[in-house]
Amino acid sequence: MNKIKIPVLISRISKLQRKILNEKLKDFNLEASQGIILFKIKELGESTPKELIEMGIIEKPAISKTLAKLEKLGYIEKIPSLKDARSFSVRLSKNGEMIESCVNDFIEDLNNKFKMILNNNSLKELETLLVFLENESIKK
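The opening position of the sequence shown corresponds to residue 116 in this note's numbering, with each subsequent residue numbered one higher.
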């Protein structure tokens, strides 16, 4: 009997989700992770690089390059910190708002497809798994 290992299954789901989003975002010259960043910035209104890293949507080594690309494409604007000249936050530009709306539609479509398969108990179990994994990563 072929037993599927949960970490492998989660990895495959993540990979396939990124593949779908990458395909949808190709016309905007974006990758899935960049689209997700736009989505989270919209959700927060404004965000610092540190906040984006802490949310687990991007790794620390990639944040500067990613935000620079989004700024160069005209999707985000940097807002200098009044407290620290080295710090800044980002918000969506008008162009970024439009792109984020498309990203939101793609994410909502995936979410609806997942909900067709998963019941409320399954969703709660996934959430429990996520919390467990987050707590495990904090312990290290």
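From the three backbone atoms N, C-alpha and C, an ideal C-beta is built for every residue, glycine too.
The model shown is predicted, which means the values in this text are computed figures rather than measured ones.
Using a Cβ-Cβ cut-off of 7 Å (strictly less than) and excluding sequence neighbours within five positions of residue i, which residues of its own chain qualify?
{"i": "G150", "result": "L136, L140, V218"}
{"i": "G211", "result": "L153, Y190, I191"}
{"i": "L188", "result": "N144"}
{"i": "S208", "result": "G189, Y190, I191, E192"}
{"i": "A200", "result": "none"}
{"i": "F221", "result": "L136, K139"}
{"i": "I119", "result": "none"}
Note down, in chain order, each residue of its chain lying with its Cβ closer than 6 Å to the Cβ of residue i, except the 5 sequence neighbours on either side.
{"i": "K130", "result": "none"}
{"i": "E146", "result": "N137"}
Near residue i, what residues of its chain come up, given a Cβ to Cβ distance below 8 Å and the 5 sequence neighbours on each side ignored?
{"i": "T181", "result": "S148, Q149, I152, I173"}
{"i": "K155", "result": "S162, L167, M170, I172"}
{"i": "E249", "result": "G171"}
How many whole angstroms separate the CB atoms of residue i and residue j, which I take to be in contact at a CB cut-off of 8 Å?
{"i": "E186", "j": "K175", "result": "Incorrect: roughly 18 Å between the Cβ atoms, too far for contact."}
{"i": "P164", "j": "I178", "result": "5 Å"}
{"i": "K157", "j": "E215", "result": "4 Å"}
{"i": "Q132", "j": "L245", "result": "That belief does not hold up - the Cβ atoms of Q132 and L245 are roughly 14 Å apart, past 8 Å."}
{"i": "R206", "j": "G160", "result": "7 Å"}
Starting from residue i, trace the alpha helix (DSSP H) both ways and give me its first and last residue.
{"i": "I121", "result": "121-140"}
{"i": "N219", "result": "209-232"}
Would you list, in sequence order, the uninterrupted beta strand (DSSP E) runs of no fewer than 3 residues that lie entirely inside the stretch 144-207? 191-195, 203-207, all fully within the stretch 144-207.
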